[in-house]
Amino acid sequence: MKISRRNFGLSALVGALATGLPAAFLLDPRRALADGTCTNKAKAQFFILSTSGGGDPINANMPGTYDDANIIHPVAFAKGMPIKMGTTSSTAALPWTQLSQKVLDRTMFFHLMTNTPVHPKEPDVLSLMGATSSNEMFPSILARQMAPCLSTIQTQPISVGAAGPGEALRFGGAPQPIIKPRALAATLLGTGSPLAAANIQSIRDKALNQIYDVYKNDANEAQKAYIDSMILSQSQLRSIDQNVLQRLSVLTDDGPDMQVNAAIILFLMKITPVVSIHIPFGGDNHFDTGLPKETAETISGVQTISNMMSALKAASLDDMVTFFSLNVFGRTLGKNNPINANGRNHSPIIQSSIVIGKPFKGGIVGGLTPIGNDFGCGAIDSATGKMAANGDVPADETLGAFAKTLLVAVGGDHSTVLAGKPITGALA
Amino acid sequence: MTRQWLAGASLVALVFYGLASGTACSSAADAQKRASSDDGGSTFDGETGTPYPFRADPAEVYVAKVKNILVGLAPTQAEIDTVKGAPPDQVSSKLKALIDAWVALPADPNTGLSPYETKMLRFFELAYQQTQIAFTDVADQVNKMSNPLTNNTAYRDLLMQNIEESFARTMLMLSEQGRPMSEAMTTTQFAMTSALAEFYAFLDAYQANDAPNSIKDRLANPLQPVYVTSASVPTADATNPSNKNFMHWTNPNIKKDPIACDDAPFKLTADNVQYIVTGSVPGFKVGNTMCSGVVGSDLSYSQFGANEFNDWRLVNVRLPKSGSEPVTQFWDIPTLKKATELVLQVPRVGFFSTPAFFANWPTNDSNQMRVTMNQTFIVSTGAQIDGTDTTIPNMTPGLDTTHAGNSQCRGCHQILDPSRSILTSTYSWFYHNQDDPTIQKEPGYFVFQGQQGPMATVYDLGQHLATHPMVAAAWAQKYCMYANSTACDPTDPEFQRVVSVFATSQLSWPVLVRELLSSPLTTNAVATQTTSTTVGETIALERRDHLCAALSARLGWVDICGDKVGVVGRPKTLLAAKAIFEGLPSDSYGRGSVTPNLPTNPSLLFRAAVEDICEVIAPLVIDATAPPAGVKQWKSTSQTTVDAAIKEFVSLLLAVESKDARYDPLVSALTGVYNDTKSQGVSLALQSAFVTACTAPSGVSMGL
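Structure representation (structure tokens):
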């Protein structure tokens, strides 16, 4: 007996007709499910976002942080190593330099500021601190714009790595669930029950479509809309590619490498255009005297990114997926800042993101400038991407500029981001 | 106030958040998006951006909704008739009478909890932010050991369950004593088991000041060794300082080490004794002999059996009356097993000083209790420090002058810093006693949302919170969100009436439950400002806690989702499905968020999960060869049993009773599944009919 519980059967179509869904949905459920129109299919990308509400010190050892001797690094990374990204040469902690040159040539280190030093602002930072249409989260803006281009089954992004509800995503204001890799695998692989056989399942689907009609028959409008969403989710479930499903069996834990694998499988199954994960880079390291945790997790974090790039290549998705990081804030850097004696504090004026993808030129966007006894991000010249005292992107618009740059790079509509301007100098 | 500011729970968050971050709330646009076809929510019409036209729900729908929320069960036809047949002016009182009857349903002998207590326990655990922790989160409070509570995982899992349940059970017990819910902020009584009482005392065996690695072991005594012996020593002797066998603890596993280890002296430390108490043998050295220790793997040889993780009672925690009064010792097992009072050096008052709350919200030298204070405000009053509080403090002791020097920061810091100072003057960053005399002398000043006043002790903080005028509305709102998956409009006269009744009742929790669940805010029986104008009616998926409670209650299962440890007889297939249950969308709270995360959209992953779960359950309730005791069973042995089963699927799983117009078509559809599948076996066919019912709209949703 073939276990094929996710098949999209004829019965579902028949049922959908009965339930009054649009004909477009019946003819091409994936396209019909997408939200809006595609602006540039050729440039569209899937996205993996790594985010941390703890404000991990991913910014602390990147290229750009070795340009000033007053920036503190862990002992293991005290000596910066040469790194080349495209035509840009710089210095970075050893782990970053060990990414393959091909990866580095499409890696952008973007120095920006989130303008908040407090953990609870993580959702606000993901909403670009209010600088988005309808206060939508940036990952959801990406998802809305990429879904029609990539013909994904659903538009909503999926979080497989949120370390807590603070890192959960919202879509159109609606909270989205967090599903960790093991739960994702268990849910989509099912239990192998004989009840999941395709022929038995299609009988149930047919009956459920009758049942949906029973509920809609005397329902009010809110109830009808909800039942429509149930019909939709049933149809979405049946449209999952069965051939990719078994790949989920590799998801044996919930760690960052498995989160990456989960994202890749979700892309291969075309379930969603955006997946959020959490790669630890040292955590909320106030008490990390000597920075051993930062050292260890910088090594493991970069290794996860390296593994991600290998996995994407193996899945033939390396040109189709962009990875980027965006944390609630960055960490303080100043050697002369007493707050850094036992670890690092929150910084509202520097948060450095990494972006890796085909649409991007390898290099450094923006830079660090001394502010008081610490460092903040500088203004940026949008044409070159370089830090410039009189740059046309002031420091407090770098977050918006970052988002706009990503949108432009993938052929998206950047007018949905209300601050900053695209850094054209960063685009490949 | 218009609908533009309030379109559901997330928008309430935006009100609080958005203002803080200088952003306007664009809730109408948000609402449009939420109502679009794949956003779920279904509160607003995606075309117009307004709530769908209000149409009252019939008794069949709202009686089922209320009973499900309250106890997880489906209503009977008689219960529906009670309300449906009542004159309009008596509908509310009839529903309240039903609610009272459901609250009074008897306890399950397996759990000792009634269906109402089972559901309320979970609500309180979440609302008082006592969950979402792992044992490693408690590490700061217990010496940052690699296995901070014990290395015996069986013991540890039960203890963690106790830690998470304790305050929720406290509120259940206080509520059942008729105490106001504001005692959540002032109580020094906490529901404890014997094992949990030991843990509270164990925490007290340490002192850690603000500096990292400053931990001190108050038990350590170089003159008094400890012994593990294979001989049988009564615990009363081992814990009696005047007995010759004082600190000689029995654990036959010592025989697995060299013979020289048996009853050999080694160092008395809190860690070592805790290992022994929890059933392990620590590693130690006798002369040149290494005793490598034996890790306990179950409750054997631990000082507490399974019943002592379940002997809940209220235990008062107080400080020593004088410097010389001895404190409760965690190794004094006989005393702890009957304790109704603990004398401890770390003050414990209200939900905000429990080990679970502290584990949730660790602080540090930079944060300096601001997270602890802000989360305390959120739980108590439903509001937080976000820059919108216009209260001008009369004084600002403890104000961080560095932060407050910036005018943008001062608005928050001048309120948060004086308030949190009572926590910094009481507790160290690791939630032990503050021992820095300079910080001790600065108890701060309570300031929040129009209220202010001096504080001398952390108990005063509890009093300020308990008497804060926002408490009644905050807790009505929390329960509204739990019941309706979205916020009630706080300006809605009906919501304000509910709040008023709650406040007038001296914050009686049962009164709030009865009033809110019988209110049209929940029933949609008549239009309210919330349901017809500003928010609309929210139909939502049954999030994890509701779904698990409903399936457990209706099918006669103890904890079908496997949330609880210590439940015996759970079938292997259910155990194997644990990851699926864990992946269901659930209520959760986040740092700095005044509203819980409440997914409402039945996404494809939710659909897949419920289908999986129903497929796992079906063979356990239909023609099961060895059904667990008490679990509902149906048979496919004859057409009569099949017909009866299908009818019961509709009434029990879908909560649709026989007089409901939907009943016959639903029975017909399920019968169709059975008939169309029968060729593959009648048992499989009936199971498939069960799965159909189990995944159908009113089985997995709230408000249909």
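Keeping their order, the protein sequence lines are chains A and B.
Going by the numbering used here, 336 is the number at position 335 of the first sequence; the sequence numbering is gapless.
Going by the numbering used here, 161 is the number at position 104 of the second sequence; the sequence numbering is gapless.
Cβ atoms here follow ideal geometry from the backbone N, Cα and C, with glycine treated the same way.
No experiment lies behind these values; they were computed from the predicted model shown.
Rounded separation between residue i and residue j - CA only
| i | j | result |
| --- | --- | --- |
| B/M419 | B/Q432 | Checking the sequence, you will find Pro at residue 419 of chain B rather than Met. Their Cα atoms are separated by approximately 11 Å. |
| A/A223 | B/L376 | 55 Å |
| A/P360 | B/C671 | 45 Å |
| A/I270 | A/D242 | A small fix is needed here, since residue 270 of chain A is Met in this sequence, not Ile. Going from the Cα of A/M270 to the Cα of A/D242 covers about 6 Å. |
| A/G21 | A/M147 | Note that A/G21 has pLDDT 39, beneath the 50 cutoff, so the model's placement of it is unreliable and the number below is only indicative. Roughly 27 Å between the two C-alpha positions. |
| A/W97 | A/I350 | 23 Å |
| A/P274 | A/L209 | 29 Å |
| B/G462 | B/L456 | 10 Å |
| B/S650 | B/Q441 | 8 Å |
| B/G756 | A/T305 | 41 Å |
| B/F366 | B/E222 | 11 Å |
| B/M230 | B/V372 | 11 Å |
| B/K692 | B/R601 | 28 Å |
| A/M388 | B/P577 | 59 Å |
| B/Q534 | B/P547 | 8 Å |
| A/A312 | A/I232 | 34 Å |
| B/G519 | B/A529 | 15 Å |
| A/N341 | A/T333 | 7 Å |
| A/S216 | B/Y539 | The sequence given here has Tyr at residue 216 of chain A, not Ser. Each residue's Cα considered, the two are about 24 Å apart. |
| B/S745 | A/D320 | 44 Å |
Residue-level contact to chain A via CB, residue i, 8 Å cutoff
| i | result |
| --- | --- |
| B/D680 | no |
| B/V748 | yes |
| B/D733 | yes |
| B/Q744 | yes |
| B/C751 | no |
| B/P132 | no |
| B/I156 | no |
Classification of residue i by the beta-carbon crowding that lies within 10 angstroms, buried from 16 upward
| i | result |
| --- | --- |
| A/D254 | exposed |
| A/L298 | It should be pointed out that residue 298 of chain A corresponds to Glu in this sequence rather than to Leu. Looking at its Cβ environment, which holds 16 or more other Cβ atoms inside 10 Å, A/E298 is buried. |
| B/P526 | exposed |
| A/V411 | buried |
| B/I316 | exposed |
| A/S250 | exposed |
Identity of the residue in the options nearest residue i by Cα
| i | options | result |
| --- | --- | --- |
| B/T657 | A/N328, A/K44, A/G174 | A/G174 |
| A/S152 | A/Q237, A/G283, A/E295 | A/Q237 |
| A/D68 | A/G331, A/M82, A/S53 | A/M82 |
| B/F256 | B/L215, B/F552, B/T429, B/M538 | B/L215 |
| B/E382 | B/L231, B/A712, B/L401 | B/L401 |
| B/G407 | B/P391, B/F434, B/A396 | B/F434 |
| A/S160 | A/G55, A/A226, A/I49 | A/I49 |
| B/D474 | B/K498, B/G444, B/M430 | B/M430 |
| A/S234 | B/T459, B/F559, B/L661 | B/L661 |
| B/R648 | A/M309, A/M86, A/V119 | A/V119 |
| A/V322 | A/A420, A/N218, A/R107 | A/R107 |
Those residues which DSSP pairs with residue i across a bridge
| i | result |
| --- | --- |
| B/Y502 | B/P511 |
| B/N490 | B/Y484 |
| B/Q264 | B/K273 |
| B/L598 | B/S758 |
| B/W691 | B/I679 |
| A/M109 | A/V356, A/G364 |
C-beta neighbour in chain B for residue i, strict 8 Å
| i | result |
| --- | --- |
| A/D219 | yes |
| A/P195 | yes |
| A/T192 | yes |
| A/Q237 | yes |
| A/Y227 | yes |
| A/P176 | yes |
| A/T188 | yes |
| A/Q304 | no |
Chain C residues whose Cβ lies nearer than 7 Å to that of residue i
| i | result |
| --- | --- |
| A/I49 | Judged by its chain identifiers, the structure shown contains no chain C, and its protein chains are A and B. |
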